[in-house]
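Chains as they are written, first to last, in our numbering: chain A, 457 to 565; chain B, 15 to 130.
Where is the CB? At the ideal position from N, CA and C, for every residue including glycine.
Accompanying notes for the structure given below.
In structure tokens form, the structure reads like this:
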């Protein structure tokens, strides 16, 4: 099945800094999503982005399907951005998501 | 438009008891997925169901675990004779269908199971 990797595993930022999180996947995808798991454990949908670029406020994401990676950009980070960011991919012909191991982000005041 | 609902939010069971976790998908969604998250780990797929059908249960342990999504009512994940290793957060997700943006999955708040 499809394999999903994320980097970096951990990231510490000062408030106001920008960051880029990366997701690599091993095969063609039907679906790719980015999620934020907040410190209370809730999973929040950030982007549905099997290809192309999307922006939502301070967050944006780009998926280059032909090169099998996706990037999540966080600009002007805030302490409320802290938590774990997961990338999840559904391979072509697959039924379910495979989650990456996550990037744990800590934004310091 | 209510999101994906899960209950209970927290469940405590003693070893050997049964755990029943419930999931009501978003309105208009007919596809349900269950995932398990062990402490400090990512989510692992367990089972994918449509109404009255199990489509893919490749991630489900062969013993003690079962899932259903009846014609009426919520989807149920059932764990019989729980053991300490079953302690985890169990998340349910739903999607409108399959194909294109219908694939997009929306997650519930999770049920945190603790086995004593």
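* With 16 other CB atoms within 10 Å as the buried threshold, where does residue 52 of chain B fall? -> exposed
* Asked: Using Cβ-Cβ distances below 8 Å, what residues of the segment 46-70 of chain B are close to chain A?
  -> 47, 49, 55, 56, 57, 58, 59, 62, 69 and 70
* **Residues, ordered as in the chain, of the segment 87-118 of chain B that lie near chain A by beta-carbon distance below 7 Å** => 103, 105, 115, 117 and 118
* Considering only residues of the same chain and omitting the five flanking positions on each side of residue 471 of chain A, which have a CB-CB separation below 8 Å? -> 533, 534, 535, 563, 564 and 565
* Candidates A/490, A/497 and A/500: which alpha carbon is nearest residue 509 of chain A's? -> A/490
* Asked: Using Cβ-Cβ distances below 7 Å, what residues of the segment 502-535 of chain A are close to chain B?
  -> 504
* Proximal residues, the segment 537-565 of chain A versus chain B, C-beta separation under 8 Å -> 542, 544, 546, 551, 552, 553, 554, 555, 556, 557 and 558
* Asked: Going by alpha carbons, who is nearest to residue 462 of chain A out of A/541, A/550 and A/547?
  -> A/541
* DSSP beta-bridge partners of residue 548 of chain A -> None, per the DSSP bridge assignment.
* **Contact set between residue 120 of chain B and chain A, taken where Cβ atoms lie within less than 7 Å** => 501
* To do: Locate the beta strand (DSSP E) running through residue 103 of chain B, then write down its first and last residues.
  => 102-109
* To do: Could you tell me how far apart the beta carbons of residue 527 of chain A and residue 467 of chain A are, in whole angstroms, since I believe they sit closer than 8 Å?
  => Not a contact, Cβ separation roughly 14 Å.
* To do: Note down the Cα distance separating residue 144 of chain B from residue 493 of chain A, rounded to an integer number of angstroms.
  => An answer regarding residue 144 of chain B cannot be provided, because it is not within the stretch 15 to 130 covered by chain B.
* 6 Å CB neighbourhood of residue 555 of chain A in its chain, flanking five on each side removed -> 542 and 544
* Kindly indicate if chain B contains any beta-carbon less than 8 Å away from that of residue 489 of chain A. => yes
* According to the Cβ coordinates, are residue 37 of chain B and residue 89 of chain B closer than 8 Å? -> yes
* Would you tell me roughly how many angstroms separate the C-alpha atoms of residue 16 of chain B and residue 96 of chain B, rounded to the nearest one? => 31 Å
* Candidates A/486, A/497, A/524 and A/504: which alpha carbon is nearest residue 538 of chain A's? -> A/497
* At which residues does the beta strand (DSSP E) containing residue 490 of chain A begin and terminate? -> 485-493
* Can you tell which of B/116, B/126 and B/105 has its C-alpha closest to the C-alpha of residue 57 of chain B? -> B/105
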